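Written below as structure tokens is the structure these notes are about.
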RNA sequence: GGCCCUAUCGUCUAACGGUUAGGACGGAAGCUUCUCAAGCUUUAAAUCCGGGUUCGAUUCCCGGUAGGGUCACCA
């Protein structure tokens with residue numbers, strides 16, 4: 010069987026991680042089986058659908074590398090191919106199908122009398138009380154039977170649809186609602202597998218009822234667990250869910266986001282944790298998808314990103330270094346700075362963040378520190394003679410040799426003879442003004458010969 | 001509240017009746033050219049509870065408990 014999956018976002022918000030993972034699973038499953046991954050915009054809610062969100066979703070998907078295939082639909086009016094399937098453009102089709110149901114007496118136009126039996130319900134959704142209601146809606150004639158379907162992840166799920174009553178499938182003959190549109194579209198798009206979030210489980214029975222009314226073949230279902238916030242509730246906009254585009258802006262690698270997301274709720278059954286998209290496609294298996302929800306943890310995603318960063322190498326940081334840190338630095342110095350930063354960050358935006366917190370002030374301006382700090386706490390002698398000696402040694406190092414290894418080679422024999430801390434600590438303090446900073450060799454190479462000597466002389470003037 | 005789903009270290013998870021319950025992130029400790037970072041090594045940390053079934057349950061069944069989802073003229 011040719012597998013066809015789909016990702017049907019509603020452009021009422023930016024693409025969140027949870028939806029991105031659902032899209033990823035649909036993509037991986039389809040590609041694993043050599044099938045197609047389709048895209049559909051569920052924009053029937055004109056009030057809430059926004060072009061801005063649509064753009065965000067499309068661009069985020071593209072960034073993640075989840076490219077969809079064109080849709081070839083098969084219906085009464087023949088075959089046609091489209092790039093973007095929009096529900097808002099399919100009004101005529103829904104209208105025809107709706108009419109079919111009403112004509113066959115499988116649905117009916119319902120006159121809504123006000124005294125709905127909500128009063129006797131144990132629970133009334135707050136949302137249900139909002140907004141004006143219409144006098145007339147289209148309801149589905151519920152056969153009131155028990156629906157049993159097989160979930161590829163959870164196994165058999167039974168549901169007595171009696172409690173659904175004659176549910177609404179359209180606001181009017183021109184305005185279908187979600188359940189109707191989904192069923193019609195999935196059938197026309199030839200969707201074979203519906204992989205969606207666990208919150209779709211309760212929608213499944215009524216959608217199956219509608220499918221049966223039309224005589225459509227039932228697709229396979231797989232409900233994946235939700236991605237949870239740290240408090241173990243569904244990750245949502247309101248609960249601090251961060252859109253994919255934001256992670257993109259922070260400088261995450263799309264490969265890292267995909268890699269991390271794939272491992273949230275799924276695992277290959279081995280200890281392997283780093284996967285390329287191709288490897289994911291090969292390894293992906295719905296039967297290894299977890300049943301319980303998974304808490305999203307950025308720490309681990311940062312670790313994954315760092316692993317990808319390592320593959321790129323230190324020089325990949327250069328375009329991400331704020332220009333103020335590299336102003337009037339030579340290319341060699343810039344590379345040294347990149348190497349220094351490389352050890353300290355997991356995501357590109359960390360550079361900016363640390364820079365703003367003053368972490369790299371020593372690259373920007375002359376350090377300020379109190380004289381006492383020049384003295385190493387375990388020092389056996391004062392810093393003066395060591396600073397003088399270091400200054401004299403470094404004065405003799407040529408500018409071309411003023412690199413990490415060049416400085417180290419020149420300084421180490423002396424430092425080892427006098428006790429490393431005795432020499433290195435005051436030297437580092439003179440260069441960075443901080444108790445915690447890179448070693449003086451790195452510092453010297455980042456700063457260059459001129460600035461290094463200047464700072465040493467300044468330190469000397471204090472003691 | 002009804003219905004549905006779920007339950008292994010703090011987190012992501014492995015173990016598809018028999019393991020000293022494994023790995024990863026994070027944590028802790030140690031080592032590594034002064035501090036930090038990075039790296040390496042070591043380490044603490046879990047089967048929700050109660051009944052069954054079985055020679056033997058993390059694993060199968062039942063019941064609790066807990067958590068989550070959903071109950072729209074949104075998708």
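Numbering (the numbering used here), first residue to last: 10 to 472.
Even glycine gets a Cβ: it sits at the ideal position worked out from N, Cα and C.
The model shown is predicted, which means the values in this text are computed figures rather than measured ones.
Closest Cα partner of residue i within the set the options
{"i": "residue 220", "options": "254, 251, 115", "result": "115"}
{"i": "residue 196", "options": "339, 228, 185", "result": "228"}
{"i": "residue 68", "options": "25, 109, 34, 91", "result": "25"}
{"i": "residue 193", "options": "104, 66, 234", "result": "104"}
{"i": "residue 394", "options": "214, 432, 464", "result": "432"}
{"i": "residue 101", "options": "390, 400, 184", "result": "184"}
{"i": "residue 14", "options": "442, 334, 202", "result": "202"}
{"i": "residue 144", "options": "113, 177, 168, 112", "result": "177"}
{"i": "residue 388", "options": "429, 416, 39, 111", "result": "429"}
{"i": "residue 224", "options": "233, 110, 282, 287", "result": "110"}
{"i": "residue 65", "options": "369, 207, 98, 258", "result": "258"}
{"i": "residue 297", "options": "277, 98, 38", "result": "277"}
{"i": "residue 37", "options": "88, 198, 400, 286", "result": "286"}
{"i": "residue 398", "options": "385, 435, 415", "result": "435"}
{"i": "residue 424", "options": "174, 299, 390", "result": "390"}
{"i": "residue 367", "options": "62, 414, 400, 443", "result": "443"}
{"i": "residue 187", "options": "29, 318, 213", "result": "213"}
{"i": "residue 209", "options": "222, 233, 200", "result": "233"}
{"i": "residue 408", "options": "378, 453, 88", "result": "453"}
{"i": "residue 226", "options": "200, 288, 386", "result": "200"}
Close-in-space but distant-in-sequence residues of the same chain around residue i (CB under 6 angstroms, 5 per side omitted)
{"i": "residue 357", "result": "260, 329"}
In DSSP terms, what residue i is bridged to
{"i": "residue 157", "result": "167"}
{"i": "residue 88", "result": "83"}
{"i": "residue 206", "result": "233"}
{"i": "residue 117", "result": "148"}
{"i": "residue 94", "result": "49"}
{"i": "residue 25", "result": "252"}
{"i": "residue 179", "result": "147, 185"}
{"i": "residue 3", "result": "Shown here, the chain extends from 10 to 472; a query on residue 3 therefore has no answer."}
{"i": "residue 303", "result": "236"}
{"i": "residue 275", "result": "298"}
{"i": "residue 243", "result": "237"}
7 angstroms Cβ shell around residue i - same chain, five flanking residues per side excluded
{"i": "residue 311", "result": "355, 356"}
{"i": "residue 349", "result": "447, 451, 455"}
{"i": "residue 142", "result": "121"}
{"i": "residue 165", "result": "157, 159"}
{"i": "residue 324", "result": "344, 347"}
{"i": "residue 242", "result": "248"}
Whole-Å CB distance - residue i paired with residue j, under 8 angstroms assumed
{"i": "residue 50", "j": "residue 20", "result": "6 angstroms"}
{"i": "residue 148", "j": "residue 119", "result": "4 angstroms"}
{"i": "residue 446", "j": "residue 371", "result": "7 angstroms"}
{"i": "residue 170", "j": "residue 154", "result": "6 angstroms"}
{"i": "residue 237", "j": "residue 305", "result": "7 angstroms"}
{"i": "residue 33", "j": "residue 271", "result": "6 angstroms"}
{"i": "residue 73", "j": "residue 266", "result": "6 angstroms"}
{"i": "residue 457", "j": "residue 339", "result": "7 angstroms"}
{"i": "residue 190", "j": "residue 96", "result": "5 angstroms"}
{"i": "residue 253", "j": "residue 380", "result": "With a Cβ gap of about 51 angstroms, residue 253 and residue 380 do not count as contacting."}
{"i": "residue 206", "j": "residue 22", "result": "14 angstroms between Cβ atoms; not a contact."}
{"i": "residue 309", "j": "residue 269", "result": "7 angstroms"}
{"i": "residue 437", "j": "residue 449", "result": "4 angstroms"}
{"i": "residue 419", "j": "residue 406", "result": "5 angstroms"}
Beta-carbon gap between residue i and residue j smaller than 8 angstroms
{"i": "residue 303", "j": "residue 274", "result": "yes"}
{"i": "residue 162", "j": "residue 231", "result": "yes"}
{"i": "residue 182", "j": "residue 108", "result": "yes"}
{"i": "residue 12", "j": "residue 44", "result": "yes"}
{"i": "residue 464", "j": "residue 392", "result": "no"}
{"i": "residue 218", "j": "residue 156", "result": "yes"}
{"i": "residue 344", "j": "residue 316", "result": "no"}
{"i": "residue 351", "j": "residue 326", "result": "yes"}
{"i": "residue 462", "j": "residue 403", "result": "yes"}
{"i": "residue 460", "j": "residue 396", "result": "no"}
{"i": "residue 204", "j": "residue 31", "result": "yes"}
{"i": "residue 113", "j": "residue 173", "result": "no"}
{"i": "residue 466", "j": "residue 383", "result": "no"}
{"i": "residue 412", "j": "residue 341", "result": "yes"}
Distance cut-off 7 angstroms: residue i Cβ against heavy atoms of the ligand GTP
{"i": "residue 354", "result": "In terms of ligand content, the structure shown is empty, and the ligand GTP therefore cannot be addressed."}
Own chain, CB closer than 8 angstroms to residue i, minus 5 neighbours either side, in chain order
{"i": "residue 198", "result": "13, 15, 47, 49, 80, 82, 94"}
{"i": "residue 331", "result": "360, 361, 364"}
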